[in-house]
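Below you'll find the structure, written out as structure tokens, and then a few comments.
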Amino acid sequence: MAYCTLEQLIDRYGNQFLVDATDCEGAATGEINLPTIDRAIADADALIDGYLAARYSLPIATTPDLVRELSLTISAYKAHSQVASEKIRKDYEDAIKTLLQISRGDIRLNIDGAEPSTAGATLIKTNNPERPMTADSMKGYI
Numbered sequence: 105m106a107y108c109t110l111e112q113l114i115d116r117y118g119n120q121f122l123v124d125a126t127d128c129e130g131a132a133t134g135e136i137n138l139p140t141i142d143r144a145i146a147d148a149d150a151l152i153d154g155y156l157a158a159r160y161s162l163p164i165a166t167t168p169d170l171v172r173e174l175s176l177t178i179s180a181y182k183a184h185s186q187v188a189s190e191k192i193r194k195d196y197e198d199a200i201k202t203l204l205q206i207s208r209g210d211i212r213l214n215i216d217g218a219e220p221s222t223a224g225a226t227l228i229k230t231n232n233p234e235r236p237m238t239a240d241s242m243k244g245y246i
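At position 1 of the sequence shown the residue is numbered 105 (my numbering), and the sequence of numbers has no breaks.
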């Protein structure tokens, strides 16, 4: 299940923005390059899943609004065949920072299902019995 759709990208950024971002391969058609958009959405979803997997069981049943917004932002960045504008690049970097905060647990998502349990403490228990041969017990031999 994709976290965002083409229709949501059009609603947020407008049709012309997506045409300008994707219609760069070969002769310009004046239309959105759908394979480029599909690839951008899939890449964004894979990136988001990588961060969410640190905290949540995947796949998630419903897409939280924050995840949808992050997917829209990352998809818009990845859809650019050429260099993205400074605003799009900055939004992308902010989205990555937000994903990092989610993976660290600084931001919690309101989703069904429990977060995976965190790993327990990494303690090593040792048994240190009394030594039978010490410097005192070996006097005269050493």
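Ideal Cβ positions, reconstructed from N, Cα and C, are used throughout, including at glycine.
Within this structure, are the beta carbons of residue i and residue j separated by less than 8 Å?
i: threonine 177; j: aspartate 195; result: yes
i: leucine 174; j: isoleucine 141; result: no
i: glutamate 135; j: aspartate 127; result: yes
i: leucine 170; j: leucine 122; result: no
Measure the beta-carbon distance from residue i to residue j and round it to whole angstroms, keeping in mind my assumption that it falls under 8 Å.
i: arginine 172; j: cysteine 108; result: 6 Å
i: alanine 199; j: alanine 144; result: So it is not a contact: roughly 13 Å between Cβ atoms.
i: alanine 158; j: serine 207; result: 4 Å
In its own chain, which residues sit with a C-beta less than 8 Å from the C-beta of residue i, not counting the 5 before and 5 after it?
i: glutamine 205; result: Ile211
i: leucine 138; result: Leu110
Quick one: what's got a C-beta closer than 7 Å to residue i's C-beta in the same chain, skipping five residues either side?
i: aspartate 153; result: Leu162
i: tyrosine 117; result: Ala180
i: leucine 203; result: Ile152, Tyr155 and Leu174
i: glutamate 190; result: none
Between which residues of its own chain and residue i is the CB-CB distance below 6 Å, once the five residues before and five after are set aside?
i: isoleucine 164; result: Ile215
i: alanine 188; result: Tyr181
Alpha carbon to alpha carbon, how far is residue j from residue i? Give it in angstroms, no decimals.
i: methionine 242; j: tyrosine 160; result: 59 Å
i: isoleucine 228; j: aspartate 149; result: 39 Å
i: tyrosine 245; j: proline 236; result: 14 Å
i: glutamate 234; j: lysine 201; result: 52 Å
i: glutamate 197; j: asparagine 232; result: 51 Å
i: glutamine 295; j: aspartate 115; result: As shown, the chain starts at 105 and ends at 246. That puts residue 295 outside it, with no answer to give.
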